[in-house]
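Step one of this worksheet: look at the structure below.
Number of protein chains: 2
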Amino acid sequence: MKPSPARPRGAPAPEERIHRSIADAIADRRLPPGTRLVEEQLAELFGVSRARIRKVLLMLAQSRLVTLERNRGAMVAVPSAREAREVFHARRLIEEEIVRLLTAEGGGLAPDAAQRLRRHLDREAAALASGDRAATVRLTGEFHQLLATVSGHAVFGEILDSLIRQSSLAIAVFETPAAPSCTADEHRMIVEALERGDGDGARRLLLDHLHEIEQRLELKTLGDGAVDLRRVFAGDAAAEALAEEA
Amino acid sequence: MKPSPARPRGAPAPEERIHRSIADAIADRRLPPGTRLVEEQLAELFGVSRARIRKVLLMLAQSRLVTLERNRGAMVAVPSAREAREVFHARRLIEEEIVRLLTAEGGGLAPDAAQRLRRHLDREAAALASGDRAATVRLTGEFHQLLATVSGHAVFGEILDSLIRQSSLAIAVFETPAAPSCTADEHRMIVEALERGDGDGARRLLLDHLHEIEQRLELKTLGDGAVDLRRVFAGDAAAEALAEEA
DNA sequence: CCCACCCGGATTGTCTACAATCCCTTTCAC
DNA sequence: GTGAAAGGGATTGTAGACAATCCGGGTGGG
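Have a look at this one:
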């Protein structure tokens, strides 16, 4: 299947740039869940007509990063707890299979794959050391995407791209305030296991890693409608958003 | 995450109807892979402006059912052999997990789930008996989607919806002419295994079923660029499309 | 005869104007 | 004071017009 959406032949259409900008802003939490995305404002900001903005918003909506409500406009999506759990579940399934693919031949990583992963780890470490939080968060997500890329399985890569972006949203909504920050060593240990061909080890590390990310989120087991009244009346803004949803 | 794209509040926008019509026509092979989809013609046919058609085509493109090429228009996607293999691989992974979910409690299917699946089997059998090939093909695909629906895992359902539609395209391109038709008993046996709580059995049957579907396709192991010259010069239209792609 | 260039038609890309919808505020009636 | 209705402003939805692009066919030159 050909890449979609439309690929420009000459100068790239601004849609791609705009799409990237908005998606990155969502991932970096500069556009938090629930943020109104007004077409006219975005059109002015990006210096294009509204039609282009609508196109980008439609694409973002299909990726579940944005919700479009007819006659009421677009906003950054607010995932429910259930959705968050399902997204992480799907991630575990897909990413485990990707790691299986990477070690399918019984050997370790191909040298170019290992190199790309190593370079990425270096970039992660540099961002962390420089205190660039947004870059750190983005690179952390991109590590998982890179696993799919080097696996060469494009369909898994596309599915995972969407899942990673959705899980970033879930993290923005549900992350507990006092959660410890992610350690950079986890990715490194996964790469090391892959390099020495330890597929089982890599899978275990990966699943633990994803499980730990998910554990940091307050995903109530009661389901979507459950409301923690203590948090509602404590004036917590995120819980207020949840109360509105319920 | 809220359902996307935009949901109408009053009368439904025609986009949903048009989207369904085109997607169904693709699934039924009334619109074969490679078919040009001209905006103006579709606009006239559906009695709407071009803007609406463009919206639908963009959505179909993001689902990989249609390819958009800038300044050249839209056409029904033509999957490569590699893509087809990856789609089936992803299907096996997702559908196996769905069946695992359905039998996760160690018991059989919930009664309402069993009922829905049984009713669907009846509809499949009726379509087959009446010789309605298009309905049979569609219902056969919907069986798999229904497994996801009754599992209650919406994210898997969405991923699978897309994969099923893409695999239909792959089947349209790669199916061997003399392939035996799918037997209706395979779905029944899967449902029976689910009903008696035989998760392992159900999974094996399902994977065998999917494997059999994939085996019917001539997916060359050489990769995307491989061209079967015999088929090219035999004047086979599908192979000609592939030659153009390579 | 072959190749390069040009033109015309078909189609896509984009923008803008106007209609439709929704929400919030104000006013009026009870 | 409360609730309902009306109005206005903000925003979205939609269509049509025009610009831009591409491809195929025809013509002219070597």
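These protein sequence lines are chains A and B, in that order.
Here our numbering is used: position 191 in the first sequence is 188, and no number is missing along the way.
Here our numbering is used: position 89 in the second sequence is 86, and no number is missing along the way.
Just so it is clear, CB atoms sit at the ideal spot from N, CA and C, and this is done for glycine as well.
All values derive from a computational prediction rather than experimental measurement.
Looking from the CA of V63/A, the closest CA among R49/A, I19/A, A87/A, A101/A belongs to I19/A. Scanning L191/B, I23/B, R51/B for the CA closest to the CA of R113/B turns up L191/B.
Between R201/B and I91/B, the alpha-carbon positions lie close to 14 Å from each other. Contact with chain A is absent for M186/B, since none of that chain's Cβ atoms lies less than 8 Å from the residue's Cβ.
Taking 8 Å as the cut-off, the Cβ atoms of Q59/B and Q142/A do not count as close. The C-beta of H117/B comes no closer than 8 Å to any C-beta of chain A. Using a CB distance cut-off of 8 Å, Q59/A counts as an interface residue toward chain B. Bridge partners of L34/A according to DSSP: A71/A. At a cut-off of 8 Å between beta carbons, H141/B makes no contact with chain A.
Between L214/A and I156/A, the C-beta gap is not smaller than 8 Å, which leaves the two residues out of contact.
As the crow flies, the alpha-carbon of F171/A is around 16 Å from that of V134/A. DSSP places P11/B inside the alpha helix (DSSP H), whose first and last residues are 11 to 24. Between F85/B and A87/A, the CB-CB gap reaches or exceeds 8 Å. For T146/A, the enclosing alpha helix (DSSP H) has its first and last residue at 130 to 148. Neighbours of H150/A across chain B, judged by C-beta separation under 9 Å: E83, H86, A87. For the pair of segments examined, the region 26 to 34 of chain B was found to touch the region 72 to 79 of chain B: the number of CB pairs separated by less than 8 Å reaches three. Per DSSP, E121/A is one residue of the alpha helix (DSSP H) stretching across 108 to 126.
Contact between G138/B and S159/B is absent: CB atoms are separated by about 12 Å, not below the 8 Å threshold. In terms of Cα proximity to L57/B, the closest of E37/B, E80/B, I15/B is I15/B.
For I156/A, the neighbours in chain B by C-beta distance under 8 Å run, in chain order, A87, I156.
Put simply, the backbone Cα of L207/B is about 11 Å away from that of H184/B. Distance between A131/A and T173/B, taken at the CA atoms: about 51 Å. Under the DSSP definition of a beta bridge, L214/A partners with E172/A. The three-state reading of DSSP puts A58/A in helix, counting H, G and I together. The alpha-carbon separation between G196/A and R97/A amounts to approximately 6 Å. For the region 32 to 57 of chain B, the residues whose beta carbon sits under 7 Å from a beta carbon of chain A are, in order, K52, L55, M56.
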